[in-house]
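S.K.: One structure follows; several queries about it will come next.
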Amino acid sequence: MLTRKQHELLMFIHERMKESGIPPSFDEMKDALDLRSKSGIHRLITALEERGFIRRLPNRARALEVIRLPDSMNPSLGGRRAKFEPNVIEGTLGRVAAPPARANLPTSSPSAASDYARPVAIPVMGRIAAGTPIEAIQTHSHTITVPPEMLGAGEHFALEVRGDSMIDAGIFDGDTVLIRKQDNAATGEIIVALVDEEEATLKRLRKRGNSIALEAANPSYETRIFGPDRVKVQGRLVGLLRKY
2 MLTRKQHELL
12 MFIHERMKES
22 GIPPSFDEMK
32 DALDLRSKSG
42 IHRLITALEE
52 RGFIRRLPNR
62 ARALEVIRLP
72 DSMNPSLGGR
82 RAKFEPNVIE
92 GTLGRVAAPP
102 ARANLPTSSP
112 SAASDYARPV
122 AIPVMGRIAA
132 GTPIEAIQTH
142 SHTITVPPEM
152 LGAGEHFALE
162 VRGDSMIDAG
172 IFDGDTVLIR
182 KQDNAATGEI
192 IVALVDEEEA
202 TLKRLRKRGN
212 SIALEAANPS
222 YETRIFGPDR
232 VKVQGRLVGL
242 LRKY
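Numbering-wise (this note's numbering), the sequence shown opens with residue 2 and increments by one.
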């Protein structure tokens, strides 16, 4: 599933290639999508490449190849694979074994044993960057089940982590984070932040006066500081799943 901006850029590149056989420049793409800087185009190009829609050709300036269009338009181009399979965590992730019988469960409630620690289904909503921000959150891709004691009250969703900017907080590339959906958080909490309505990242929130800082947990990454109108809290980290 592509975001609106990703879809617009893919179609712009495709149409330009059909007309002239030459990919558009970054300035042309920026103007066509009405973006403020070319950094937004870089993020969109990276996202399209990660999702298998385009390919950057090495050692050539402005060299892009459209591999496929969205399935609703054209499943494949040039005889390539018809369906892009995202790299997701499957297998036993999030599944919990049935709990052992407890001797002190009330005998008047036959269902008490089965209700104890009953797994909760959580939608996985794509990937989240713990590194260079990417466009997310997307649509529901699949569902995992987690123990209810990991969640607490409220609505929750899961995201797959890409990147290493939060490794000192114990969050690694390939982990799945459990997020409580909310639009506010306290300073020091790890959040899903949407920046400028176009990029999402997993960072620690710091509030400094009227500014908002998104702090990495890896000294290789700089803290990014924004005005309050540029950052929206999408949710707060409440748990993490890891597959060994």
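C-beta: ideal position from N, C-alpha, C; glycine also.
Predicted model, so just to flag it, every value in this text is computed and none were measured.
On the DSSP bridge list, what partners appear for R207?
M.R.: Paired residue(s): A214.
S.K.: Could you round the C-beta distance between R243 and D165 to whole angstroms and report it? I think they count as a contact, below 8 Å.
M.R.: Going by Cβ atoms, the distance from R243 to D165 rounds to 14 Å, so no, they are not a contact pair.
S.K.: By a C-beta neighbour count over all protein chains shown, 10 Å radius and 16 as the cutoff for buried, is H15 buried or exposed?
M.R.: Result: buried.
S.K.: Within its chain, find whatever has a CB closer than 8 Å to the CB of D28; leave out the 5 residues flanking it on each side and keep chain order.
M.R.: Around D28: K39.
S.K.: Taking only the alpha-carbon atoms, compute the straight-line gap between A159 and P71 and give it to the nearest angstrom.
M.R.: Answer to the nearest angstrom: the Cα atoms are 24 Å apart.
S.K.: Nearest-angstrom Cα distance between E216 and R207?
M.R.: Cα to Cα, E216 sits roughly 7 Å from R207.
S.K.: Suppose you measure from the CA of M12 to the CA of R119; what does that come to, to the nearest Å?
M.R.: Roughly 45 Å between the two C-alpha positions.
S.K.: Please return the same chain residues whose Cβ sits closer than 8 Å to the Cβ of P149, not counting the five positions on each side in sequence.
M.R.: These residues qualify, in order along the chain: A118, R119, P120 and V121.
S.K.: With distances taken Cα to Cα, identify the nearest neighbour of I152 among L179, M126 and R163.
M.R.: This sequence places Leu at residue 152; Ile is not what is there. Nearest of L179, M126 and R163 to L152, Cα basis: L179.
S.K.: So R181 is in the beta strand (DSSP E); what residue range does that whole segment cover?
M.R.: From DSSP, the beta strand (DSSP E) with R181 extends over T177 to K182.
S.K.: Please state whether DSSP places T202 in a helix, a strand or coil.
M.R.: Here T202 sits in strand by DSSP.
S.K.: Anyone know if the C-beta pair for A214 and I226 falls short of 8 Å?
M.R.: Cβ atoms of A214 and I226: closer than 8 Å.
S.K.: Of the choices E200, M126 and E223, whose alpha-carbon is the least far from that of H251?
M.R.: Residue 251 lies beyond the stretch modelled for the chain, which goes from 2 to 245, so this question has no answer here.
S.K.: Among L195, L34 and V196, which residue has its Cα nearest to the Cα of V6?
M.R.: Note that residue 6 is Lys in the sequence shown here, rather than Val. With distances taken between Cα atoms, K6 lies closest to L34.
S.K.: Looking at E51: is its Cβ nearer than 8 Å to the Cβ of L58?
M.R.: No, these two residues do not count as a Cβ contact at 8 Å.
S.K.: Measure from the alpha carbon of G210 to the alpha carbon of each residue in T224, P229 and I129, then state which is nearest.
M.R.: Ranking the options by Cα distance to G210, first place goes to P229.
S.K.: Can you have a look at K204 and say buried or exposed, based on whether 16 or more other CB atoms are within 10 angstroms of its CB?
M.R.: Under this definition K204 is a buried residue.
S.K.: From which residue to which residue does the beta strand (DSSP E) around E150 run?
M.R.: It is not in any beta strand (DSSP E) - E150 carries neither H nor E in the DSSP assignment.
S.K.: Within the same chain, show all residues whose beta-carbon is closer than 7 Å to that of V249, passing over the 5 residues directly before and after it, in chain order.
M.R.: Lying before the first or after the last residue shown, residue 249 is absent from the chain, which here runs from 2 to 245.
S.K.: With C-beta atoms as the reference, is V125 less than 8 Å away from E156?
M.R.: In this structure, E156 does not lie closer than 8 Å to V125 by Cβ.
S.K.: Rounded to a whole number of angstroms, what is the C-alpha to C-alpha distance between T188 and R128?
M.R.: So the alpha carbons of these two residues sit roughly 24 Å apart.
S.K.: Where does T224 land, buried or exposed, given buried means 16+ other C-beta within 10 angstroms?
M.R.: T224 comes out exposed.
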